[in-house]
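Q: According to full-length UniProt numbering, the sequence shown is numbered sequentially starting from 1.
Cβ atoms here follow ideal geometry from the backbone N, Cα and C, with glycine treated the same way.
Before I ask anything, here is the structure I am working with.
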Amino acid sequence: MGQANLKGEIPEFIGELTGMRVLYLQQNSLSGSIPAGIWNLKSLSVLDIRNNRFSGEIPESIRELTEMITLALSENSLSGSIPNGIWNLKKLRILYLYANNLTGPIHIDGPIGALGLEQIDVSANQVNGSFPEEFGKLQNLAILFMSDNRFSGTLPDKLPPGLTWLDITNNKFSGNIPSTAKSLRFFTAYNNLLSGNIPAVLTGISELVVLCLGGNQISGQIPPGISELKYLSVLNLSSNHLVGEIPAAIGSLQVLQSLDLSINQLSGSIPSEIGDLKLKTLNLSSNRLSGEIPISLQDAAYNRSFLSNPSLCASSELLNVPICKHGLQWKLRVVLIVLASLVSLMATVFAAFARRGRHGRSNGRVLPTWKMMSFYPLDFTESTILSGLTEDNLIGSGGGGKVYRIVLENHVAQIVAVKKIWNSRKLDSLLEKEFQSEVQILGSIRHAGIVKLLFCLWSVDMKLLVYEYMENGSLDRWLHKKWRVGEQIEEMNSDHRPLLDWSTRLRIAIDVARGLCYMHHGCSPPIVHRDVKSSNILLDFEFRPKVADFGLARMLVKLGEDNTVSAVAGTFGYMAPECAYSRKINEKMDVYSFGVILLELTTGKKANDGGEYGNLAEWAWRCLQEADKVIDAIDQDIKDPTYVEEIAFIFKLGVMCTSPLPSSRPTMKDVLQILLRHQRQQAVANDTMV
């Protein structure tokens with residue numbers, strides 16, 4: 001009965017339902033204290049009353065719920081201490097107590113009994129005391145959130161061996177950083193009293209993605225071994241007592257997106273290697289840095305990144321720092337370097353035009369004049385892209401053009417995907433401006449679920465859209481087993497490829513829904529793709545999906561108006577029925593296509609694989625008319641009894657999205673909420689739903 005708009009108090013007679021195993025009352029407006037009878041439901045394995053207005057204390061009698069697997073009491077107004085009895089529930093795996101008014105220390109009387117705990121969240125309370133030593137015995141604990149409390153004392157030397165996410169932000173923990181957290185991927189400890197040096201062993205946590213130690217009392221130097229953290233995306237060491245120089249090794253962290261070293265005592269110059277990173281945020285303010293800021297960082301995007309470093313200077317006025325004053329010798333050297341660069345550039349341009357002359361006049365055409373629109377800082381030129389458009393680099397074709405995989409000759413050997421689209425006719429000035437306007441809007445989109453458009457090149461008869469490259473290719477090639485044994489995939493043999501199991505497929509569905517939801521509901525005007533399909537869902541090295549081909553395959557519209565410019569017709573099997581008779585487009589067309597993808601994910605069948613019924617959507621609807629056929633329809637590769645009901649639910653959602661009537665389809669916002677709610681319920685139920 002979650003999200004059922006329930007109000008008032010839970011009736012006392014609920015304690016008489018002694019056979020109840022699962023109770024969902026989350027996200028309602030229920031109030032009052034939790035009835036004492038609930039604690040007598042000894043068969044209860046899931047209790048989820050999150051996000052209500054319950055008050056009162058959690059009684060010690062909770063120890064009687066010996067079958068409890070998931071206990072979610074968060075986002076209420078519960079008070080008092082966390083009862084010791086909770087830690088004796090031997091089957092407990094998930095414990096959510098966050099966002100209440102709980103106080104006192106975590107007291108575990110004797111050896112902890114709940115050794116199967118996987119997730120603990122007690123954040124946003126007023127809990128005090130020390131870090132429970134008994135937590136170190138929880139072999140299966142993966143997530144531990146203790147942020148926004150009043151914990152104090154030192155962190156134990158022995159952390160849970162499988163811990164991947166530890167958040168202790170906004171507490172009063174002190175002492176050294178523990179050196180036993182080898183499994184961590186996310187470690188956030190902002191605003192505590194931690195001290196000492198950054199332990200060298202911390203830089204050996206190879207899977208670390210987020211390291212946030214800002215707002216502490218950490219001293220010493222930043223260890224150069226930090227370069228070993230190849231997956232590090234966020235590094236925040238701000239507001240500490242760090243000294244010495246910024247290690248140039250930070251420049252080797254190729255996936256780093258956020259770097260904050262502000263409010264320390266760092267000295268020396270800023271390594272030029274940092275300028276090679278594709279940072280979204282950079283803050284080196286309030287240190288003792290000196291010298292000239294690297295040219296690659298002298299950009300208006302970083303105009304607040306270097307404040308309060310009196311000895312820093314720049315060659316431009318963009319950065320709110322003084323202009324560098326150099327001697328005559330330095331100026332002469334700069335002039336010589338510039339002249340040499342100009343000579344080299346002229347030679348390169350001449351060679352490029354010479355090559356075009358050989359290949360571009362076979363039919364009497366004049367050489368194209370290229371125009372470029374960039375959306376990210378680039379360290380390569382148009383000639384690098386043009387020279388890479390060879391048959392050896394061709395990886396696909398369709399959708400009005402060809403796609404190339406090009407390795408750029410820059411410092412990181414960056415790989416990009418280039419889509420080449422030929423113009424069938426010369427666009428008039430109005431359509432040309434509309435194309436440029438559309439590309440500019442698409443290039444401004446910043447969302448984790450959308451493939452980045454890096455820049456666009458165009459001439460009279462050709463357009464080149466340059467995207468980030470996705471290492472694992474398209475979803476359809478994995479889902480429909482197009483990889484053959486022995487085939488090479490980006491230097492990875494298919495014998496060792498990861499399986500596309502159900503948990504990965506569900507995550508893909510949710511992430512794609514997030515991307516489409518953003519395009520429909522987060523952009524103004526909304527962006528309708530019109531060609532959503534599994535071959536347009538690209539997967540990165542961790543199988544995280546992004547929606548691709550929003551170039552000419554999508555349409556900017558005011559809802560309900562006739563199609564005007566550059567939308568494509570879509571792909572059979574994914575096209576909504578109304579595409580056959582209406583030129584008016586809206587988001588419900590994408591919802592239909594997404595529904596087909598859900599059916600592909602659950603059945604393993606292709607969009608046009610409907611047998612006598614023509615397509616997958618029609619076949620799935622027929623299956624739904626007979627309940628037993630839904631189970632039969634599930635892909636044998638994922639037909640694990642543990643997940644059958646969950647997969648059947650997503651199958652039914654796919655059928656709902658592919659309703660022939662657009663008005664009967666949910667919006668992408670609705671679809672995303674359904675998927676997220678179902679994922680949360682499944683996580684809480686932890687495979688206990690009947």
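(1) Quick one: Cα of Leu672 to Cα of Leu141, how far?
(2) Any chance you could list the beta strand (DSSP E) runs of at least 3 consecutive residues sitting entirely within the segment 78-136, in chain order?
(3) Does DSSP put Cys623 in a helix, in a strand, or in coil?
(4) Roughly how many angstroms lie between the CA atoms of Asn40 and Leu65, to the nearest whole one?
(5) Given that a residue counts as buried once 16 or more other Cβ atoms are within 10 Å of its Cβ, and exposed if not, what is Ile69?
(6) Distance, Cα to Cα, Val565 vs Ile406?
(7) Say the cut is 7 Å; is the CB of Asn5 nearer than that to a heavy atom of the ligand ADP?
(8) Quick test of the definition: if touching needs 3 or more C-beta pairs under 8 Å, does the segment 448-464 touch the segment 514-521?
(9) Compare the C-alpha of Leu277 against each of Gly604, Ser195, Leu259 and name the closest.
(10) Using a Cβ-Cβ distance cut-off of 8 Å, determine whether Glu64 contacts chain C.
(11) What is the residue span of the alpha helix (DSSP H) that Ile198 lies within?
(12) Going by CA-CA distance only, name the one from Arg63, Ser74, Asn101 that's closest to Ser81.
(13) Take the Cβ of Val596 as the centre, count every other Cβ of all protein chains shown within 10 Å, and call the residue buried at 16 or more, exposed below.
(14) With Arg514 as the anchor, note down where its alpha helix (DSSP H) starts and where it stops.
(15) Spell out the partners DSSP gives Val547 in its beta bridges.
(16) Tell me the DSSP secondary structure of Ile274 in three-state form.
(17) If you reduce the DSSP assignment to three classes, tell me which class Ile177 lands in.
(18) Here's the rule: buried if 16 or more other CB atoms are within 10 angstroms of the residue's CB, otherwise exposed. What is Tyr469?
(19) What does a CB cutoff of less than 8 Å around Thr103 pick up in its chain, not counting 5 residues either side in sequence?
(20) Pull up the distance between the alpha-carbon of Val234 and that of Ser195, whole angstroms please.
(21) Check for me: the beta strand (DSSP E) holding Ala72 runs from which residue to which?
(22) Could you have a look at Gln265 and say whether DSSP puts it in helix, strand or coil?
(23) Does Ala617 come out as helix, strand or coil in the three-state DSSP assignment?
(24) Short of 6 Å in beta carbon distance, which residues of its chain neighbour Pro545, apart from the five on each side in sequence? Order them along the chain.
(25) Output the boundary residues of the beta strand (DSSP E) element that contains Asp260.
(26) Which residues does DSSP list as the beta-bridge partners of Gly56?
(27) For Leu653 and Gly204, what's the separation of their Cα atoms in angstroms?
(28) Taking the straight line between their C-alpha atoms, what separation do you get for Leu155 and Ala576?
(29) In three-state DSSP terms, what is His480?
(30) Compute the distance between the beta-carbons of Asp109 and Asn76, then report whether it is under 8 Å.
(31) Quick one: Cα of Leu389 to Cα of Tyr404, how far?
(32) Pick from Asn240, Met656, Leu202: whose alpha carbon is nearest that of Gly220?
(33) Restricting to Cα atoms, I'd like to know which of Lys182, Trp165, Arg150, Phe187 is closest to Phe173.
(34) Could you spell out where the beta strand (DSSP E) holding Leu601 opens and where it closes?
(35) What three-state label does DSSP hand Asn236 in the structure shown?
(36) Please determine, among Gly116, His107, Ala99, the residue with the shortest C-alpha to C-alpha distance to Leu89.
A: According to the structure shown:
(1) Position 672 of the sequence shown, counted from the start, is the residue given in the question as residue 672. Position 141 of the sequence shown, counted from the start, is the residue given in the question as residue 141. Leu672 and Leu141 have their C-alpha atoms some 28 Å from each other.
(2) Entirely contained in the segment 78-136, the beta strand (DSSP E) runs reaching 3 residues are, in chain order, 94-96, 101-105, 119-121, 126-129.
(3) If you number the sequence shown from 1, residue 623 lands on position 623. Here Cys623 sits in helix by DSSP.
(4) Numbered from its first residue, the sequence shown carries residue 40 at position 40. Numbered from its first residue, the sequence shown carries residue 65 at position 65. Our two residues, Asn40 and Leu65, have alpha carbons roughly 7 Å apart in a direct line.
(5) Numbered from its first residue, the sequence shown carries residue 69 at position 69. Looking at its Cβ environment, which holds 16 or more other Cβ atoms inside 10 Å, Ile69 is buried.
(6) Here residue 565 refers to the residue found at position 565 when the sequence shown is read from its first residue. Here residue 406 refers to the residue found at position 406 when the sequence shown is read from its first residue. Because Val565 carries a pLDDT of 35, less than 50, the predicted location of this residue cannot be relied on, and the following value inherits that uncertainty. Whole-angstrom Cα-Cα distance: 30 Å.
(7) The model on display carries no ligand, and the ligand ADP is accordingly not part of it.
(8) Touching, yes, given that three or more Cβ pairs across the two stretches are closer than 8 Å.
(9) Here residue 277 corresponds to residue number 277 of the sequence shown, with the count starting at 1. Closest by alpha carbon: Leu259.
(10) Considering every chain present, this structure includes no chain C. It has just one protein chain.
(11) Reading the sequence shown from its first residue, position 198 is the one you call residue 198. Annotation: Ile198 is outside any alpha helix (DSSP H) and is labelled neither H nor E by DSSP.
(12) Counting from one through the sequence shown, the residue named residue 81 turns up at place 81. Closest by alpha carbon: Asn101.
(13) Numbered from its first residue, the sequence shown carries residue 596 at position 596. Buried is the label assigned to Val596, since at least 16 other Cβ atoms lie within 10 Å of its Cβ.
(14) Walking along the sequence shown from the start, residue 514 turns up at place 514. Taken as a continuous stretch (DSSP letters only), the alpha helix (DSSP H) holding Arg514 covers 502-521.
(15) Here residue 547 refers to the residue found at position 547 of the sequence shown. Beta-bridge pairing links Val547 to Ile450, Ile537.
(16) As a working mapping, residue 274 is identified with position 274 in the sequence shown. In this structure, Ile274 counts as helix in the three-state DSSP scheme.
(17) For the purposes of this step, residue 177 is taken as the residue at position 177 of the sequence shown. Secondary structure at Ile177: coil, using DSSP grouped into helix, strand and coil.
(18) As a working mapping, residue 469 is identified with position 469 in the sequence shown. Classification for Tyr469: buried.
(19) For the purposes of this step, residue 103 is taken as residue 103 along the sequence shown, with counting starting at 1. Around Thr103: Ser79, Gly80, Ser81, Asn125, Gln126, Val127, Asn128.
(20) In the sequence shown, the residue the question calls residue 234 occupies position 234. In the sequence shown, the residue the question calls residue 195 occupies position 195. Distance between the alpha carbons of Val234 and Ser195: 20 Å.
(21) Translated into the one-based positions of the sequence shown, residue 72 becomes position 72. 70-72 is the span of the beta strand (DSSP E), which, as asked, contains Ala72.
(22) Start at 1 with the first residue of the sequence shown, and residue 265 comes out as number 265. In the structure shown, Gln265 sits in a strand (DSSP, three-state: E or B).
(23) Numbered from 1 along the sequence shown, position 617 holds the residue referred to as residue 617. DSSP places Ala617 in helix when its eight states are reduced to three.
(24) On the sequence shown, position 545 is the one that residue 545 refers to. The answer, listed in chain order, is Ile508, Asp511, Val512, Ile537, Leu539.
(25) In the sequence shown, the residue the question calls residue 260 occupies position 260. Its beta strand (DSSP E) spans residues 258-260.
(26) On the sequence shown, position 56 is the one that residue 56 refers to. For Gly56, which the question treats as bridged, DSSP gives the partners Leu78.
(27) Residue numbering aside, residue 653 sits at position 653 when the sequence shown is read from its first letter. Residue numbering aside, residue 204 sits at position 204 when the sequence shown is read from its first letter. Their backbone Cα atoms lie some 44 Å apart in a straight line.
(28) By 1-based counting over the sequence shown, the position of residue 155 is 155. By 1-based counting over the sequence shown, the position of residue 576 is 576. Each residue's alpha carbon lies about 57 Å from the other.
(29) Position 480 of the sequence shown, counting from 1, holds the residue named residue 480. The answer is coil: DSSP assigns His480 none of H, G, I, E or B.
(30) For the purposes of this step, residue 109 is taken as the residue at position 109 of the sequence shown. For the purposes of this step, residue 76 is taken as the residue at position 76 of the sequence shown. No, the pair does not count as a contact, with Cβ atoms beyond the cut-off.
(31) Stepping through the sequence shown from its first residue, residue 389 is reached at position 389. Stepping through the sequence shown from its first residue, residue 404 is reached at position 404. Looking at the two C-alpha atoms, the distance is approximately 7 Å.
(32) For the purposes of this step, residue 220 is taken as the residue at position 220 of the sequence shown. With distances taken between Cα atoms, Gly220 lies closest to Asn240.
(33) One-based indexing of the sequence shown puts residue 173 at position 173. The shortest C-alpha separation from Phe173 is found at Arg150.
(34) As a first step, residue 601 is located in the sequence shown; it is residue number 601 there, counting from the start. From DSSP, Leu601 is part of no beta strand (DSSP E) but of the alpha helix (DSSP H) over 588-603.
(35) Your numbering for residue 236 matches position 236 in the sequence shown. Under the three-state reduction of DSSP, Asn236 is assigned to strand.
(36) The residue you call residue 89 lines up with position 89 of the sequence shown. Looking at the Cα atoms, Gly116 is the closest of the given residues.
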